[in-house]
Structures are given as structure tokens and as C-alpha cells.
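Structure, as C-alpha cells:
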């Protein structure tokens, strides 16, 4: 099934993020990725171990075959930025519930080890076409349910509205 819509990733902040600076505090930023779409948060100069971003990022979704990846880095002015860790968030969670409240995800380096957590909430808004296809069975323009075999269908006299079945079952 093709899933289409918009995914909102809200980056709340971090907790207990490992300080990778020799002097001073981390200057953390995040790269949020969904498939081939990458977005960068603001850098929090001196943000330290418990940064607060409070930023939302929006991604176009065309199927349900991926995950959201949040990578946290420490920005350095003179050298390459230092990776702090990454969190992988399964996309199925948000498809099932349409909204996942703020939750802490472990920041892990490829070699292992946890370097704190990143707090993220997710919200999926299906496109109008997708949302309509998930609704209940369609109604006829006259407001009645369509007749399907196997469902009761009354055509005789004595319906709930009298002998002539005026305004009743048809």
C-alpha cells in the first residue's frame, strides 16, 4: 500500500549528551533524515549536555519503508564537526498511531555506547486522498448505504414505517 503524506518531526532537545569538547561545552546541532531528505537544526552555541532546540521539520512521505534518523554533532570552528551519536526511529510507529508523543531515543555511535538521548515527537498527516480512502464505506448521494450481498434488504410490506413502506427501507 502506498502511503502518502507529510511527516512532522519535532526536535525537542537532548538529555545527558556526552560532552566531546576539550574546553567548554558542546555546540550541538542535529541532522534529521528521512530517506534521501536531510534537514539541519540550528546550532546551539554552548548548548551543553541538555540542549533545547524546539524545532519542527517536515518531510514528504511516499511509502512506509524507512525510518527517521536523528544525528547529533558538535560544531567546531577550526576542525571537522564531531559526531556525538544517532538515534533511529522506526516509521511504523507513527503510521499506526499517526502521532507519537515526545520520547527519548538513545544516541548511539556505530562502535556502540550510548551518548545521551534526543527527545523527538512525530506526527503523520496523510494526504487528503489517502485519508478519504481510509474512511468508512461510501454513501450514495441519497444518503443511504449501498446494498451489499449478505446484508439484510427489506422489500416487503410492513416495514418499520407502515404498510406502504413510506420513507422506510427500500
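Residue numbers (full-length UniProt numbering): 1 to 170. The beta carbon of each residue, even a glycine, is placed where N, CA and C say it ideally should be.
*Tell me whether residue 80 is buried or exposed, calling it buried when 16 or more other Cβ atoms sit within 10 Å of its Cβ.*
exposed
*Identify whether residue 11 lies in helix, strand or coil by the three-state DSSP scheme.*
strand
*Residue(s) in a DSSP beta bridge with residue 56*: 10
*residue 3 to residue 73, Cα distance in whole Å?*
31 Å
_Proximity of residue 17 and residue 51 at Cβ, strictly below 8 Å_ = yes
_Just verifying my parser: in three-state terms, what is the DSSP assignment at residue 92?_
Taken through DSSP and simplified to helix, strand or coil, residue 92 comes out as helix.
*Mind checking which residues open and close the beta strand (DSSP E) that includes residue 49?*
Premise fails: residue 49 is in no beta strand (DSSP E) and is neither H nor E.
_Below 8 Å, how does it come out for the region 118-125 and the region 88-108: are there three or more Cβ pairs, yes or no?_
yes
*Determine the direct distance from the alpha carbon of residue 103 to that of residue 92, and round the result to whole angstroms.*
15 Å
*For residue 139, which of helix, strand or coil comes out of DSSP?*
Any reading at residue 139 must be qualified, since the residue scores a pLDDT of 46, below 50, and its modelled position is unreliable; no value is offered.
_Between 48, 97 and 43, which has its C-alpha nearest residue 24's C-alpha?_
48
*Report buried or exposed for residue 168, applying the criterion of at least 16 other Cβ atoms within 10 angstroms of its Cβ.*
Residue placement at residue 168 is poorly supported in this model, since its pLDDT is 44, which falls under 50; the coordinates still yield a value, given next. With fewer than 16 other Cβ atoms within 10 Å, it is exposed.
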